[in-house]
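These protein sequence lines are chains A and B, in that order. Just so we're aligned, residue 1 is where the first sequence starts under our numbering, counting upward by one. Just so we're aligned, residue 1 is where the second sequence starts under our numbering, counting upward by one. Where a beta carbon is used, it is the ideal one built from N, C-alpha and C, also for glycine.
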Amino acid sequence: MKKINDLNLPEHVKYTKDHEWAKFEEEVVTIGITDYAQDQLGEIVFVEMPEVVDTFSAQDEFGTVESVKAVSALYMPISGEVVAVNDNLEDAPELVNEDCYQGGWIIKIKPADSAEMDALMDKAAYLEMLKG
Amino acid sequence: MNTGTKTTPLHQWHLDAGAHMADFGGYDMPLWYATGVKNEHLAVLTSAGIFDTSHMACITVDGKDAFALLNYCVTRNLAPLAEGRCVYGAFLDEKGHCLDDALVYKFADTGFMVCVNAGMGESITAHLVAHANHKDVNIADLSGKIAKMDIQGVNAARILSSLIQSPEKVFDHMPYFSFKGHFDSGHPGAGAVKLNDGTPVLLSRSGYTGEFGFEIFLAPHAIVDLWQDVLTTGKDLGLTACGLGARDSLRAGACLPLSHQDIGHYKFINHPWDFSLPYTPDKTGFTKTFLGSDALVPEPGDMFVFPFAGNSLRKVAAGETTGAYDHNQEQIGHVLTCVTDMGITWHDGRIVSIASPNLSDNIKIKGIACGFVMVSRQLQPGTQLTLKEGKRTIDVSIVQDIRPDRTARKKLSYFI
């Protein structure tokens, strides 16, 4: 189990209380789960993803990640329409463990309102939450 | 950590190894190590794994009436049990509900040991004492006084053989559910199995993975050294330390129950573990009367427990909020256990294991969700059910068994 200070928490992404991260870049928001979440879940063996063009509101469940032991729901950090899903996860769900912020991204969305990003936590606030 | 949380002598080792820890039965135990639960599960099927099981509790029952007391309190008929053998059974209450499951070890007609689950030493001891009135027995709860580790998998004997004195002699005539030696140097049986440094151990050919292997009971001060020695010796063979996650997925795949989850506060019948009850050969009655046996009669409203296998590795959470639905979408029960056995896959309509003999190279082992459902009616193998947890559903079938080609019962000579 990683110690909180050993977690990889990049500065350039935003965080949710449900341990997703979201990164706004060129009108698209990429979403995945945090280093804390992947460490807690253990080896991911399956990622259930939505279809492209599915639309969700913030905090809607958009998929699940499964480890050998647990099933965990994924929640939308902000509202939007799915424009891409990470097909690599079908054959290599372990990418979520190995590289949760790059190769292990889960979906990309076109945000309904990019201002919703402002309500998410930055690294300092997320770290504070983890420390309880 | 809560001040009330207990630890085993290997606790620091687990922390140093970066284990993901969690409370289990009042003990801070490893769920998995950096190797990951999938690799740990597969290591047991293809090589070997070691498990810290020092959180389990041992109770010794000695004296002239030890047999009478245990044969009344344990579901198995202990009359045919020979010295040096152990059996799996359960402790029931008057209602026929399961208090805990256990292995019962027979040292002599007047000397037994019971090994129960984490945190259960005190309550099972109290249960035995409560039923021991006027009997000539001495009951001692050894919780925390004995350490235990399990080495499970095809390479278990090979690895152990370089760590114990006279391995050929020890492994000779050592069938499934037999044991040799003792952890207490003062016990008459203690000389039978010794580690290379002379430490006496009780070596039991049992375990809870469904695979070949041993449980090793020894003094707490000696377990860290043995653990390290096993890891060093087994490294080149692919042995790995395994946490409770792998233990859970291995035991579920082997169709074995988890106490307080699959067995517990329901009448201890209509489940896949008939072998733990003393049925007559025609199954119309029991070969003995025991505590709870009067309650074990079928009645309307009884529930049934069945193993299931999913269509894929996808699973649902276990618990009463996850319903089991029949083909008419009528809810008939709920899920007791649901895990993924990552060592098996569907092939041509049957389940094969990564350890199945003559496995074709082109079969990719994908994993299958499996576990147990409790339902309100008798179901036949092959019955399709849908398990629903909120919006999430998976399709499963009732099966007679889950992971094929398990090794626990094979002759020991096959492995050395």
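Residue i (DSSP reduced to helix, strand or coil)
| i | result |
| --- | --- |
| aspartate 274/B | helix |
| methionine 117/A | helix |
| phenylalanine 171/B | helix |
| alanine 147/B | strand |
| aspartate 16/B | helix |
| tyrosine 72/B | helix |
| valine 53/A | coil |
| aspartate 28/B | strand |
| leucine 9/A | coil |
| lysine 14/A | strand |
| alanine 309/B | strand |
| glutamate 299/B | coil |
| arginine 85/B | strand |
| isoleucine 4/A | helix |
| serine 206/B | coil |
| glutamine 152/B | strand |
| asparagine 445/B | An answer regarding residue 445/B cannot be provided, because it is not within the stretch 1 to 416 covered by chain B. |
| lysine 6/B | strand |
| leucine 244/B | helix |
| lysine 410/B | coil |
| threonine 46/B | helix |
| phenylalanine 290/B | coil |
| asparagine 117/B | coil |
| arginine 251/B | helix |
| isoleucine 402/B | coil |
| leucine 130/A | helix |
| phenylalanine 67/B | helix |
| aspartate 35/A | helix |
| histidine 11/B | helix |
| glutamate 320/B | strand |
Under 8 Å from the C-beta of residue i: neighbouring residues of chain A
| i | result |
| --- | --- |
| valine 339/B | Val68, Lys69 |
| serine 353/B | What serine 353/B touches in chain A: nothing, since even the nearest Cβ is about 16 Å away. |
| alanine 317/B | Ala70, Val71 |
| histidine 41/B | Val68 |
8 Å Cβ cutoff met for residue i and residue j
| i | j | result |
| --- | --- | --- |
| alanine 90/B | phenylalanine 268/B | yes |
| proline 30/B | leucine 244/B | yes |
| valine 137/B | leucine 69/B | yes |
| phenylalanine 24/A | serine 114/A | yes |
| valine 82/A | glutamate 51/A | yes |
| phenylalanine 177/B | cysteine 86/B | yes |
| methionine 303/B | tyrosine 266/B | yes |
| glycine 367/B | aspartate 341/B | yes |
| serine 72/A | glutamate 43/A | no |
| isoleucine 164/B | valine 193/B | yes |
| lysine 95/B | glycine 301/B | no |
| glutamate 421/B | lysine 148/B | Coverage of chain B is limited to positions 1 through 416, which leaves residue 421/B absent and any answer about it impossible. |
| leucine 336/B | alanine 318/B | yes |
| aspartate 50/B | alanine 241/B | Residue identity check: residue 50/B is isoleucine in the sequence provided, not aspartate. Yes, Cβ-Cβ distance for isoleucine 50/B and alanine 241/B is below 8 Å. |
| valine 373/B | phenylalanine 308/B | yes |
Bridge partner(s) assigned by DSSP for residue i
| i | result |
| --- | --- |
| glutamine 384/B | Ser397/B |
| leucine 195/B | Ile164/B |
| isoleucine 416/B | The partner list for isoleucine 416/B (beta bridge, DSSP) is empty, contrary to what the question assumes. |
| glutamate 215/B | Asp150/B, Ser204/B |
| glutamine 331/B | Tyr325/B |
| threonine 110/B | For threonine 110/B, which the question treats as bridged, DSSP gives no partner whatsoever. |
| lysine 267/B | His97/B |
| valine 29/A | Phe24/A, Ile109/A |
| serine 353/B | Ile344/B |
| arginine 392/B | Glu389/B |
| aspartate 52/B | Met149/B |
| lysine 180/B | Leu203/B |
| glycine 285/B | Answer is none; glycine 285/B lacks a bridge partner. |
| alanine 90/B | Asp101/B |
Below-8 Å beta-carbon distance, residue i vs any chain D residue
| i | result |
| --- | --- |
| histidine 260/B | The question asks about chain D, but that chain is absent: this structure's protein chains are A and B. |
Residues that residue i contacts on chain A, provided the C-beta gap is smaller than 7 Å
| i | result |
| --- | --- |
| histidine 20/B | Met1, Gly42 |
| glycine 245/B | Gly42, Val68, Lys69 |
Within chain B, the residues that residue i reaches when beta carbons sit closer than 9 Å
| i | result |
| --- | --- |
| phenylalanine 56/A | Ordered by position in chain B, no residue passes the 9 Å Cβ test against phenylalanine 56/A, which lies about 13 Å from the chain. |
Partners in chain B for residue i, counting only beta-carbon separations shorter than 8 Å
| i | result |
| --- | --- |
| threonine 64/A | Arg392 |
| valine 147/A | Past the edges of chain A, shown from 1 to 132, lies residue 147/A, and the structure says nothing about it. |
Residues that residue i contacts on chain A, provided the C-beta gap is smaller than 9 Å
| i | result |
| --- | --- |
| serine 249/B | Val68, Lys69 |
| tryptophan 32/B | Gly42, Glu43, Val68, Lys69 |
Residue ranges of each alpha helix (DSSP H) within the segment 58-122 of chain A, 4 or longer:
Listed in chain order, they are 88-91, 95-98.
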